[in-house]
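>
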Amino acid sequence: MSSEEGSPTVVHTEMRSRRTRMSPEPEAIGEDAPAVVVEEAEELLGNDEAPEQSTTPVGRVYAFYERLSTTFSWRYVAIVSLVYGVNQGVGEACLFTAQKYYLFDYLKLTPARYSKVDGFANIPWQVKALYGMVSDSFSIYGLRKTPYIILASIGGIVSAASLWLARLDYQTAAALLLIANLSIASPDVMIDGTTAENSRKFPKLAADLQTLSWASLYGCAMVANLAVGELVKPSSIGARGVFGLLWLTSLAALLPACLGWLGERPATVIHEASSDRKRVFACAFATCAVSVAVGSLQAFSTFSDVVQGVSTIILGVVLATTIHFLLKPVSKDLAGAAVYIFLSGALQPATDVMFAWFHSDGKAHGNCATHCPPGNEDCGWASERHYPCISPEYYSAMRATARLFGLAGIVLYNAYLSDWSYRNVFVLGHCVTFGANLLDFVWVSRWNISLGIDDRAFLLGLDVVQPVVSKIANMPSYVLAAKVCPAGVEATLFALLMGLSNFGSTIGLYNGVFLLSAFGGVEQPEFRHLPAFVLMRTVFYLAPVALVFIFVPRGRPSDAIEEEDVASKEIELTPVADAAAV
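Residue 582 is where the sequence shown ends in the UniProt record's numbering, and the numbering goes up by one at each step.
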């Protein structure tokens, strides 16, 4: 995402970044198809005599990077690490944190308006399949990936400089934030394509390539989250100054791409698209069209919240129907899974009203100041009402903690839930998500104070519980998406499904705004009806349970996939005959 590790925003933003590191098997590649070629690569894993393995942690890390560098070249390992770690990991930490403080505290947006701008800015995460389609269809000087990384990085530098130096209205800021998100999301897809291709050429190193991207992303993101909380304070460089740092993260992707570290060779052959691919392309275009239409409607139109909300719901239903119609000939299970992944996010309303309620802007005479000059209405209103007043540095530290416990959620799922049926684990995920989000109701009702639990300690508890719950709820979507992808269009279709997941979460944002309007806006300084809004929002987290038994196929992640009907290409998940033999 994007979007985000604080309190209620954890669930809907975990899918943004979202969010697509778990790749399926790469698409089939023809012998003369355009691809990233690793020059002078040596496959060392097939030797009869395996090299002696180091037993020390440092030695294992060195051997890991040496193995990848020897096979793919150090330049390729470096550009993967820089794009995932610096451009995405550090870039997301800076962008998402600065965006919150900039829009709330500099431009003074309401929670409803913030959610609309955030949804529009996140469009690049919703149309990720489109990047691969465009790069596959249109080469630049014969290259299909490197030029797009360069163009996206240049856009990132321009948007970062503008957000840093210019005084903007919220409409211009929204457009620049969209470009900034594009500069992160697009190179991510290009590198995903190269790792898929190289995983097919060197299947024994496929896990290592995924580990490289995961480690780079999470390692850099956690360090950046710890630092950005101090930087975003007005007494430091502030939110606009943090935006200025984004030109460095974009430069980290631009320079190695310009130097040819991706190892890409000019493409000479364009293969005719299959009927399955054409249907996937049509789905991607439909998703892109509806995403842009809904985002523009929400961010820039002057219609009432009711009109915008109803229009968004109608367009969402139209998209879900279109996706099901286009994908059903490819696979009935695939069509159902795609609709479920989209609608499950759309039915869960989410806003950043909690952040507006609990955060301190860090200013000397800001919302949490205890000594205010006469006549300054913006000074001290949060401290007067005994709101939590969570500082920027503590909030960012909690985001870093959320990253860590997100990994714990993955481990928990793999250890205890990976052999459950899809339906059971989805139902469990939604029920546990409902329970975890009830903690927000406890917080805004201030029951934690009555129980003697400090706000900082309570937020720490939230950021321990909710990322784990989020991963338990979302991991089956990743696995199911990879499982139902038919042969030949895996990478593109997987990107489409993750884009639908991100778009569904964004529709949930817009529905959260619709729900806010029903409660009168829930705006500062009083935040009237906030407990009632949080309780109603939490109840909606149970709504997707009904969809599980309609759209989610039977079976488990460990089940084999067989194509019973080659003509219709419908996928049936059938149990493995002898589980003990697996």
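Glycine is no exception: its CB is placed at the ideal position from the N, C-alpha and C atoms.
Just the C-alpha distance for H529 and L515, rounded to the nearest angstrom, thanks.
Taking the first residue of the sequence shown as position 1, residue 529 is located at position 529. Taking the first residue of the sequence shown as position 1, residue 515 is located at position 515. Each residue's Cα considered, the two are about 12 Å apart.
> Going along the chain, which unbroken runs of the alpha helix (DSSP H) with 4 or more residues stay wholly within the segment 93 to 161?
Listed in chain order, they are 111 to 121, 123 to 126 and 128 to 137.
> Closest by CA to I123, which one among F104, I237, I149 and L297?
Counted from its first residue, the sequence shown places residue 123 at position 123. If we check each option's Cα against that of I123, L297 comes out closest.
> Excluding five sequence neighbours on each side, which residues of the same chain lie with their C-beta closer than 7 Å to the C-beta of L327?
Mapped onto the sequence shown, residue 327 falls at position 327. Correct list, in chain order: R279, C283, L334, A335 and A338.
> Using a 10 Å radius around the Cβ and a threshold of 16 neighbouring Cβ atoms, would you call L143 buried or exposed?
The residue given as residue 143 occupies position 143 in the sequence shown. Flag for L143 reads buried.
> G244 to C94, Cα distance in whole Å?
Your numbering for residue 244 matches position 244 in the sequence shown. Your numbering for residue 94 matches position 94 in the sequence shown. Going from the Cα of G244 to the Cα of C94 covers about 9 Å.
> In the DSSP assignment, the alpha helix (DSSP H) including P392 goes from what residue to what residue?
Indexing the sequence shown from 1 puts residue 392 at position 392. Here the alpha helix (DSSP H) through P392 covers P392 to L412.
> Which of the three DSSP states, helix, strand or coil, is assigned to E264?
On the sequence shown, position 264 is the one that residue 264 refers to. Strand, per DSSP.
> Could you pull the DSSP bridge partners for H430 from this structure?
Here residue 430 is taken as the residue at index 430 of the sequence shown, counted from 1. Bridge partners of H430: none, in fact.
> What are the partner residues of H359, as DSSP defines its beta bridges?
As a first step, residue 359 must be located in the sequence shown, where it is residue number 359. For H359, which the question treats as bridged, DSSP gives the partners I390.
> Does the segment 75 to 87 come close enough to the segment 248 to 266 that 3 or more CB-CB pairs lie under 8 Å?
Segments in contact, yes.
> Can you give the Cα-Cα distance for G91 and H359, rounded to whole angstroms?
In the sequence shown, the residue the question calls residue 91 occupies position 91. In the sequence shown, the residue the question calls residue 359 occupies position 359. If I take the Cα positions, the gap works out to 22 Å.
> With a floor of 4 residues, list each alpha helix (DSSP H) that falls wholly inside the segment 506 to 550, ordered by position along the chain.
Qualifying alpha helix (DSSP H) stretches, in chain order: 530 to 539.
> Give a yes or no on whether the C-beta atoms belonging to S213 and Y131 are separated by under 8 Å.
Within the sequence shown, residue 213 is the residue found at index 213, counting from 1. Within the sequence shown, residue 131 is the residue found at index 131, counting from 1. For S213 and Y131, no; Cβs fall outside 8 Å.
> Under the assumption that E393 contacts G229 (Cβ atoms under 8 Å), give the Cβ distance between them as a whole number of angstroms.
Counting from 1 along the sequence shown, the entry for residue 393 is found at position 393. Counting from 1 along the sequence shown, the entry for residue 229 is found at position 229. Correct: roughly 4 Å between the Cβ atoms.
> Alpha carbon to alpha carbon, how far is V158 from V545?
Translated into positions along the sequence shown, residue 158 becomes position 158. Translated into positions along the sequence shown, residue 545 becomes position 545. The straight-line gap from Cα to Cα measures roughly 44 Å.
> Could you work out which residue in V310, V307 and M222 is closest to F405 when comparing CA atoms only?
Taking the sequence shown and counting its residues from 1, the one referred to as residue 405 is at position 405. With distances taken between Cα atoms, F405 lies closest to M222.
> Express the C-alpha separation of W261 and C372 in angstroms, rounding to a whole number.
Mapped onto the sequence shown, residue 372 falls at position 372. Mapped onto the sequence shown, residue 261 falls at position 261. Looking at the two C-alpha atoms, the distance is approximately 55 Å.
> Let me make sure I understand the geometry here. Which of T195, G119, K201 and F202 has the alpha-carbon closest to that of Q171?
The residue labelled residue 171 in the question sits at position 171 within the sequence shown. That would be G119, whose Cα lies nearest to the Cα of Q171.
> Could you spell out the range, first to last residue, of the alpha helix (DSSP H) harbouring G238?
For the purposes of this step, residue 238 is identified with residue 238 of the sequence shown, where counting begins at 1. First-last of the alpha helix (DSSP H) with G238: G238 to C258.
> Mind checking which residues open and close the alpha helix (DSSP H) that includes D188?
What you label residue 188 is simply residue 188 of the sequence shown in a count that begins at 1. From DSSP, the alpha helix (DSSP H) with D188 extends over Y170 to K201.
> Within 10 Å of its beta-carbon, does E264 have 16 or more other beta-carbons around it, so buried, or fewer, so exposed?
Here residue 264 corresponds to residue number 264 of the sequence shown, with the count starting at 1. By the 10 Å Cβ count, E264 comes out buried.
> Please classify W357: is it buried, with 16 or more other beta-carbons within 10 angstroms of its beta-carbon, or exposed?
Residue mapping note: residue 357 aligns to position 357 of the sequence shown, counting from 1. Buried: at least 16 other Cβ atoms inside 10 Å.
> Suppose you measure from the CA of I323 to the CA of P388; what does that come to, to the nearest Å?
Your numbering for residue 323 matches position 323 in the sequence shown. Your numbering for residue 388 matches position 388 in the sequence shown. Taking the straight line joining both Cα atoms gives about 43 Å.
> Please work out which residues of its chain come closer than 7 Å, Cβ to Cβ, to A160, disregarding the five sequence neighbours upstream and downstream, and give them in chain order.
By 1-based counting over the sequence shown, the position of residue 160 is 160. Excluding residues within five positions, the ones whose Cβ falls inside 7 Å are A180, F243, G244, L246, W247 and S250.
> Would DSSP call P476 helix, strand or coil?
Here residue 476 is taken as the residue at index 476 of the sequence shown, counted from 1. P476 falls in the helix class under three-state DSSP.
> Whole-angstrom Cβ separation of residue 584 and Y148, contact assumed at under 8 Å?
Beyond the ends of the chain as shown, which are 1 and 582, falls residue 584; an answer cannot be given.
> Pick from G521, W74 and F325: whose alpha carbon is nearest that of V306?
Here residue 306 corresponds to residue number 306 of the sequence shown, with the count starting at 1. Out of G521, W74 and F325, G521 has the C-alpha closest to the C-alpha of V306.
> Which class does P374 belong to by DSSP, given the choice of helix, strand or coil?
In the sequence shown, counting from the first residue as 1, residue 374 sits at position 374. In the structure shown, P374 sits in coil (DSSP, three-state: anything other than H, G, I, E or B).
> Please decide whether S291 counts as near chain D, where near means a Cβ-Cβ distance under 8 Å.
No chain D appears in the structure shown, which is made up of a single protein chain.
> Any idea what DSSP makes of Y283, helix, strand or coil?
Start at 1 with the first residue of the sequence shown, and residue 283 comes out as number 283. Looking at the sequence provided, one finds Cys at residue 283 rather than Tyr. Three-state DSSP puts C283 in a helix.
> For the alpha helix (DSSP H) that H324 lies in, which residues bound it at each end?
The residue given as residue 324 occupies position 324 in the sequence shown. Unbroken alpha helix (DSSP H) run through H324: D305 to L327.
> Let me make sure I understand the geometry here. Which of P467, I410 and V427 has the alpha-carbon closest to that of N437?
On the sequence shown, position 437 is the one that residue 437 refers to. With distances taken between Cα atoms, N437 lies closest to P467.
> Are the beta-carbon atoms of residue 671 and F551 separated by less than 8 Å?
No information on residue 671 is available, as it lies outside the stretch 1 to 582 that the chain covers here.
> Compute the Euclidean distance between the alpha carbons of A415 and L428, then round it to the nearest angstrom.
Residue 415 sits at position 415 when you count from the first residue of the sequence shown. Residue 428 sits at position 428 when you count from the first residue of the sequence shown. Their backbone Cα atoms lie some 15 Å apart in a straight line.
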